[in-house]
Every structure is written in structure tokens, then in C-alpha cells.
Amino acid sequence: MAMPRNSTGENGFCFAQTLDFSRPSPPPGEAGRTFDAPSGREACGTPLSNGTASSGAPSPSDSCAEPLCSATPGEEETRFGKGIKYVSADGEELACGWGGFTPGCLQLFNTSKGVLFFLCVASFLQGMTVNGFINTVVTSIERRFDLRSYQSGLIASSYDIAACVCLTFVSYFGGNGHKPRWLGWGVLVMGLGSLLFALPHFTTGRYETRSAAEVGVCGGNQSLPCAQVASSLSGYRFVFMLGQFLHGMGATPLYTLGVTYLDENVKTNYSPVYIAVFYTAAILGPAAGYLVGGMFLNIYTEIGREIDITPENTLWVGAWWIGFLGAGAASLLISIPILGYPQRLPGSQRYIVMRVSEAHQLKDGSHKKASDPDFGKTVKDLPRSVLLLLKNPTFIFLCLAGATEATLIAGMSTFGPKFLESQFSLSASEAATFFGYLVVPAGGGGTFLGGFLVNKFKLRCSGIIKLCLLCTVSSLLAIFIFFIHCPNMPMAGVTQMYDGSALPGGHLNLTAACNAECGCLQETYSPVCGSDGIMYYSPCHAGCKKVSENLRNGKKVYHECSCVEKTFLPGPGNAEAGKCTSSCAKRPLLLLFMFVVILFTFLSSIPALTATLRCVSDRQRSFALGIQWIVVRTLGGIPGPIAFGSMIDKSCLLWQDQCGEQGSCYVYQNSAMSRYTLIAGLVYKVLGTTFFIVACLLYKPPPPESAPGSSDASENGNCDLQEHKPSLPAQEDI
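Using UniProt numbering, you'd call the opening residue of the sequence shown number 1 and step up by one each time.
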């Protein structure tokens, strides 16, 4: 029997194999090399043969031309066992390009590393836009377009709603289709969503605000009537919701089909590292979004226009729209190379043959149905696919554990900057930048480290779940740091009386004898820090009568403030625009343990994802990820910010008053905020720990006798023996 011939590309991978049974035909360049094909036990029963029948030093390209055998003793010399399949790429176009345009220079990128690079850029842009820019600019959008907090919350949830709607369809049909095309069109739709999100800035008039000299000073505090304050700008929330909906539609293939495409085109042991790099880019994206978004918020929204208010002023609206324009344009560009990739990469058929199943074994054996090559290609198989996953308890509890972790991640990413802003008395842009510095090493490092550990210790499915359990317990212990908090900066009329005494019954009392004649309005919130170290609601509430500018830092300085006492001399003191600086001694400890919580939360993300891919059959991987994302978003991503937001709102001391209607919260009680954050964190971490324990206990691996001696390819590229698998996709009998 002749050896199969192979034609190799520049990178040494098999592009197409032709099976020739008529006569021996050695690979090109090895005409003098002889091939012997022993039969029966001689060929396949010798452990040293490793499934090969050649001598000499084989090359990676040779390994694809050598036979895979698993015949048992006693079988005839002229035939192989039924389970022996040879993966062929006949009739498949594996070149990189668009239609008939496949230039040779593009084939340099037609590798797993090339795919990884472009998918990393796409996931980075998605994370930066959806989880970075959106969370950073929420306050500015609310202020610019007269939105309420629940309306901005609905804008944020539109992304998850779109993902839930599309996930079943995309993961089921895309999983059995041309994955790079689904991915490319998804990234393109995501880019259009970003451009649409920035559109309201260009279709509305200029943002008008009154100068600091006209607003807030004692005796000059005037506001527009409520009828004029109300505007039709809130209608733009539907444009923002549509933009977020397109973001959700476009990102749906990225974290389902993108992960499985990487997993299918690399060795099993390298898969966690590739996926970890992919998800690390997705984690670094939000961090970059916080940092870059915070920088843009320091630029006035009407670029080039002179304005005399500073970012610390509550009337300030930053250039929230710049980031969406840049991310949208970049997404449109990156979609082009992704659309050019083939359905599978050259040489990937080797990894399909070498793959060892670790799927959870069902008692009734129904998991074998998913091994049928024709399974999952029609809509009628959809209910059966769902039923198979629902009968897999390991998969179910991994999904529930993922949902609890997603709740914490979604809640902390949305309200993490607000927590830092309140605890450390920072501005919105400072808090966003600070949170970005925290997430970059903790989130990005934890994500990559998780994949590295799985690869380093060659963990199987049960070991991976135990690693997830260890990470969850570690973060559970670290979350007790929220028992401590930074004290509130003293604020006259909010945390204490103007004379320093406690507020009777905890009720606000912003009026005192020192500002009674100023006619201050509660609608105008513009905090100032008095020279006595006490914050005041506004310059008017501090009794300030004059204003000037500090040439050193550009901040407004108010003079002759009757409510502010001079430290050494009698008479009215001064006040500076903005909050008083916090000098909390517990800040380093709080930040350290927040770092640990974020690190171990993200450390379990890639192992949990790898365990999900391993505990289901190969043909259900994309669909399983889709179902998992639906569970994670429905139980975690969507309710997470709502649950955290409602708990944090319980700690509010001072609410915005918009013509008698309650708006957003101005001042939080730090002790209550820490307490409620601790309660929410403990509940979800305990649930996550419980779900990982149950998943580990219920996991039933395949029997050891069905697995081959090794699932790895050796360093010289030889293919290993393969277990009896009559249902591997895209195979032909030898």
C-alpha cells in the first residue's frame, strides 16, 4: 500500500492530501527514501512506531504524509480498522484572500498566529468601546442629553439584550459554517455601531452653559425655568440604544466562533495559551478605554471653543464622542483581513485527528449523537443540541459559575470608577484613569496567567475546574477588605451642620445664617473646598461673593465666603472649585486587596472557558459557548449592573433635584457603599464557589482505556495514535 502524498506550502503545513493506492510515491525531494508498510501488529502494535512507518529524521511536512493507524492484532494485512480516518482538504480552498484574489504575500498571515493577531485587535476594540468608553462617558451623556440614570442603564443593557437575541442563531449556524466570514461581518457591524453612537454629537446644536462667573456666587445664582430646562434631547437615547444593539450583534461571533476557531486550528495543549492571549486583549481593551476615555473627558465637547469652566465643574461635558469615532473606523478596517481567512487553516486537520475527547460521559450514552458528522447542520437538530447540553451537569454548573463571576465583573466595571471617586474624593476623569491603571495589570495579567497555568501543568478538565475553584476561594477571602473604607470628606449641610455638629435625624440642611440672604438654589450643584477643609454644596452655599482664577492650576477661587472660617485670622475665608482632596490612610490597603480580587476573578476566566470547551463534544463547542454566553448575560451581565447599582444607590446621601424630580446621586456615604459592596461580593463569590465544587464532583471523564497514550504531537511533528473515533468531521477512509 502506498503512502499518501502531500503538497506543502511555504510554512510546511499540508494544504491538500491526495490518496494514491496504486504505487509508492515519496514526497518531493525524497526520491531516494524507501517506505515500508508493515502490517497488523508490526505496523501498529509497536509502541516505538508512534503510528509511523518510515525511518530517518522526519520533518513537520513529512509527518502529515505518514499514516495514522489503530488496527488491533488479528486484523488482516490489507485493511485498517473502521475508526481510522485521514483528514483531507480536497476540494477546500485554504488560501487567504477575498474570492479569487489570493496573492502570495497574504499567505504569510495564513497561520494561527496571524488569526490570533487580528482577533486580538478586534477583541481589544470591542472591550475598549463597550466596556471602556461606554462606562466612562455615561455621566457626560446623561448631562449632555438630559438623561435619567435608568435611561442610561437601558443603553448599557442594550448590548447584552442584542447578544442574547443573536447568540443562539450565530453560535449554531456559524459553528457549522464559515467562521471567519461570520467574524469579519460581525466586526464590521460593531464598527457601524460605534459610528452611530457618536452621531448625536453632530446632529445636535452646540452645548451651551453659563460661565462660572455667572453661576453659583452669592446673590447671582439664577437658573432657567423648568419648562425651558426640559428638552427633546432625551430622545437621542434611542440612537444610543441602537448603537449598543449593533455593538452586541457584532461582538456575538467574536467570543463564540472566534474562540472555537482558535481552538480548532492549534494543538490542544496550546489552545489555552492562544485563548488566554485573545482574552487578555479583550481585558486590556476596557483598561485602555478607561485611560483614553478619561483623557478625552478633559477636552471640552465643543472642540476649539473657549470656555471658562473646568472639568471639575458639574456643568462640564467632555469630548465623549472622539473615542467612538476612532474605534468605529478601526473596526471597519480590521474586519477586512478577518473576512479573507479560509474556513480552516492549512495544517489544522492534523490537530483534529490528534484531539482526545474529554467530553462528559452521560449515563444513557446520548453524548455520542453529537459525534455524527451530519449532526447540527439543520434546524431540526437544534432542540436535540440544546437537550444534550442540558443533560450535561458539568456544563450547566460551569455556566452558572460563569454567571456569578460575570455579575461581579459587570458590576465592578460599571461602578468601580464611582466607588473610587467616592472613597478617595476624585473627579470622574481621575477615577476612570485610576481604575484603568488598576485593571491593566490585574485583569490583563490574571487572564493571561490563567491560560499559561493550564498549559504549563498540562491540566485535564477535572484539574482545570479545581484551579477555577482555588481562584474563586482566593478572591472570596480577599473581598473581606470591603469591611474597611475611607471616611467621607466633611460637607456642610450634608454630612454635618455648618457649625460642625451632627445633622439632626440625618436630614439635609443646606441653609444657614451665613448664606440665608444669598438665595441659593439646590439645582445648582458645584462643590467647592473651603480653606477650612470643609466641602460646600456650591460657592453660593459657602456664602462666596467674588471669583477669580488660580494661575497655578487654572481652578476658580472664590473670595469673601461668609460660611468659611479663616484658619488663623478672623473674617470670611476662601474656597476653591472642586472637591477637597482625601488623605485616607487606608487607600493603599484598599487598592491592594481590590487588585487581588480583580486578579483572581480574571485568573479563573480562561480555565473556566477551557473547561467548557473540553466537557462537551467537539461538534457542540461553538453552540455550547453560545448557550453559555446566553446564561452568563441573562443571569449575570444584564442584572449585574442593576443589582450593584440599586445596592449602591441605597448609600446615597445627596440626590440631584431636577425641578422636583430625583436625578442621579451626588454624594454617597462611604461606609454604607463599602458595606453593600461587601454583601453583594460575598453572595456571588459563595455561589460561584458552590457551583465550581458541584461541577467538579459531577464531572465524569471518558474511560481511560479509550484514550491513546499521548494527545500531544512530538517535537519533530509526527502525528500520534488516535483513539477510535468514527465521527471526526471532514475525514476520509484510507
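Positions of the beta carbon are idealized from the N, C-alpha and C atoms, including for glycine. On a predicted model such as this, the values are computed, not experimentally measured, just so you know.
Query                                                                                                                                                                                          : Result
Of all the options Val-564, Ala-95, Phe-145, which has the alpha carbon lying nearest to the alpha carbon of Glu-234?                                                                          : According to the sequence displayed, residue 234 carries Ser and not Glu. Nearest C-alpha to Ser-234: Phe-145.
CB Lys-555 to CB Gly-578, shorter than 8 Å?                                                                                                                                                    : yes
Give me the residue from Lys-566, Val-547, Cys-563, Tyr-261 with the minimum Cα distance to Val-557.                                                                                           : Val-547
When you compare the CB positions of Gly-127 and Gly-243, do they come within less than 8 Å of one another, or not?                                                                            : no
How would you write the range of the beta strand (DSSP E) that Cys-105 sits in, first residue to last?                                                                                         : Cys-105 -> no beta strand (DSSP E), and no H or E assigned at all.
Do you know how far the Cα of Gln-107 is from the Cα of Gly-114?                                                                                                                               : 10 Å
Is the CB-CB distance between Asn-131 and Gly-289 below 8 Å?                                                                                                                                   : yes
In whole angstroms, what is the alpha-carbon distance linking Leu-389 and Ala-156?                                                                                                             : 30 Å
Going by DSSP in three states, His-178 sits in which element: helix, strand or coil?                                                                                                           : coil
What does DSSP give as the partner residue(s) for residue 749 in the beta ladder?                                                                                                              : A question about residue 749 goes unanswered here, because the residues of the chain that appear run from 1 up to 734.
Can you give me the C-alpha to C-alpha distance between Ser-88 and Leu-625, rounded to a whole angstrom?                                                                                       : At Ser-88 the pLDDT is 39, less than 50, meaning the model places this residue with poor confidence; the figure from the coordinates comes in the next sentence. So the alpha carbons of these two residues sit roughly 27 Å apart.
Can you list, in chain order, the residues of its chain with a C-beta nearer than 6 Å to that of Gln-343? Leave out the 5 residues immediately preceding and following it.                     : His-178
Taking the alpha-carbon positions, what's the Glu-142 to Ile-630 distance?                                                                                                                     : 29 Å
Of all the alpha helix (DSSP H) runs that stay within the bounds of the region 119 to 180, which reach a length of 4 or more residues?                                                         : 134 to 144, 149 to 175
Please state the DSSP three-state secondary structure of Leu-590.                                                                                                                              : helix
Mapping DSSP to helix, strand and coil, what is Ala-512?                                                                                                                                       : coil
Identify, in the order they occur along the chain, each residue of the same chain with its Cβ nearer than 6 Å to the Cβ of Phe-125, setting aside the five sequence neighbours on each side.   : First, the residue type needs correcting, since residue 125 is Leu and not Phe in the sequence shown. For Leu-125, where only same-chain residues beyond five positions count, the Cβ hits under 6 Å are Ala-327, Ala-330, Ser-331.
CA-CA distance, His-507 and Gly-500?                                                                                                                                                           : 15 Å
Quick one: what does DSSP say Ala-198 is sitting in, helix, strand or coil?                                                                                                                    : helix
Just to confirm, is the Cβ distance from residue 737 to Leu-94 under 8 Å?                                                                                                                      : Outside the displayed range of the chain (1 to 734) lies residue 737, so it cannot be described from this structure.
Give me the DSSP bridge partner(s) of Tyr-300.                                                                                                                                                 : Gly-318
Decide if Pro-180 is buried, meaning its Cβ has at least 16 other Cβ atoms within 10 Å, or exposed.                                                                                            : buried
For Ile-627, which residues in the same chain have their Cβ closer than 6 Å to its Cβ, ignoring the five residues on either side in sequence?                                                  : Leu-389
Please look up how many angstroms separate the CB atoms of Thr-610 and Pro-272, rounded, as I've assumed it's under 8 Å.                                                                       : 5 Å
Between Leu-635 and Ala-403, how many whole angstroms is the CB-CB distance? I'm expecting something under 8 Å.                                                                                : 4 Å
For Gln-151, which residues from the same chain have a beta carbon less than 6 Å from its beta carbon, with the 5 sequence-adjacent residues on both sides left out?                           : Arg-237
Taking the alpha carbon of Cys-615 as the point to measure from, which residue in Thr-511, Arg-460, Gly-153, Ser-140 has its own alpha carbon closest?                                         : Arg-460
Need the endpoints of the alpha helix (DSSP H) that Glu-565 sits in, please.                                                                                                                   : Note, Glu-565: premise wrong, no alpha helix (DSSP H); beta strand (DSSP E) at 556 to 565.
Please go through the same chain and pick out, in chain order, the residues whose beta-carbon is closer than 6 Å to the beta-carbon of Ser-158, but skip the five residues on each side of it. : Met-241, Gln-244, Phe-245
Consult DSSP for Val-547 and reduce its assignment to one of helix, strand or coil.                                                                                                            : strand
Among the residues of its own chain, which have a CB less than 8 Å from the CB of Ser-538, if the five just before and after it don't count?                                                   : Gly-216, Asn-221, Cys-520, Thr-524, Tyr-525, Ser-526, Pro-527, Val-528
Check residue 752 in the structure and name its three-state DSSP category.                                                                                                                     : This structure gives no information on residue 752, because the portion of the chain shown stretches from 1 to 734.
Ala-577 bridges to which residues according to DSSP?                                                                                                                                           : Val-528
Taking the runs of the beta strand (DSSP E) that are 3 residues or longer, which of them lie wholly in the region 419 to 444?                                                                  : none
Alpha carbon to alpha carbon, how far is Gly-416 from Ile-606? Give it in angstroms, no decimals.                                                                                              : 22 Å
Can you tell me where the alpha helix (DSSP H) with Cys-696 in it begins and where it stops?                                                                                                   : 670 to 698
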